[in-house]
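To convert a position in the sequence shown, counted from 1, into my numbering, add 379.
Notes follow once the structure below has been shown.
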Amino acid sequence: MAKMHTRRRGRSGSRRPLVTENPDWVPTSADEITKIIVAMAKDGASSARIGLVLRDQHAVPSVKLATGKDITQIREENGVSASLPEDLSNLVSKAVGLSSHLKDHPADLHNKRSLHLIESKIRRLEKYYKSTGVLPRDWKYSIKTAELLLK
């Protein structure tokens, strides 16, 4: 399948083996995993970082198999979820960085196009999250509010 904003094709990646239950060799229990997730989320770690630490340092191959919930569900249940979804906040921070670069280098047309592409992805995600109820209906993206949001 082709990528969103280029004519190139993506690479096929490896897939997880089809496993329906937690392996026997996992040393940590579901309660311990939940405590680790909540502690790291309070410290400000992203869901991807939490998953990497659980995999590499605590030998947890899949949080969903071990606890029955994924990391974002655990974060929401314990009240340590972020105000914005993680993929949207990553795109917003990337757009803020590019816009500050374009203020210093206004003739950089390559990065100006990159900013347009990133902002279109943000608007597409905004539309999706509004329709699913994750974001309020009156939430609107602009580069000015994005800079204030990330500070």
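Note that the Cβ used here is the ideal one computed from N, Cα and C, for glycine as well.
Please read all numbers here as calculations on a predicted model, not as lab measurements.
Practice task
Put Arg428 into one of helix, strand or coil per three-state DSSP.
Solution key: It is helical.
Exercise for the section: Measure the C-alpha to C-alpha separation of Asp435 and Tyr507 and round it to an integer number of angstroms. Expected result: Taking the straight line from one Cα to the other gives about 33 Å.
Exercise for the section: Please check the pair Ala409 and Ala445, which I expect to be a contact at CB under 8 Å, by giving their CB distance rounded to whole angstroms. Expected result: Their Cβ separation, rounded to whole angstroms, is 6 Å, which keeps Ala409 and Ala445 in contact under 8 Å.
Practice task
Output the distance between the C-alpha atoms of Glu465 and Ser426, rounded to the nearest integer angstrom.
Solution key: Whole-angstrom Cα-Cα distance: 8 Å.
Practice task
Would you decide whether Thr413 is buried or exposed? Buried here means 16 or more other CB atoms lie within 10 Å of its CB.
Solution key: It counts as buried.
Problem - Sub-8 Å separation of Leu527 and Ser472 beta-carbons - result: No, these two residues do not count as a Cβ contact at 8 Å.
Problem - Residues of its chain near Leu377, where Cβ-Cβ distance is below 8 Å and the 5 sequence neighbours each way are ignored - result: Outside the shown range of the chain (380 to 530) lies residue 377, about which nothing can therefore be said.
Practice task
Compare the Cα-Cα distances from Pro406 to each of His489, Val442, Leu481, His484 and report the closest residue.
Solution key: Closest option to Pro406, Cα to Cα, is Val442.
Exercise for the section: Inspect the beta-carbon positions of Ile450 and Gly430 and report whether they are closer than 8 Å. Expected result: For Ile450 and Gly430, yes; Cβs fall inside 8 Å.
Problem - Which of helix, strand or coil DSSP assigns to Arg516 - result: Three-state result, Arg516: coil.
Problem - Through-space distance from Ile453 to Met419, alpha-carbon basis - result: So the alpha carbons of these two residues sit roughly 12 Å apart.
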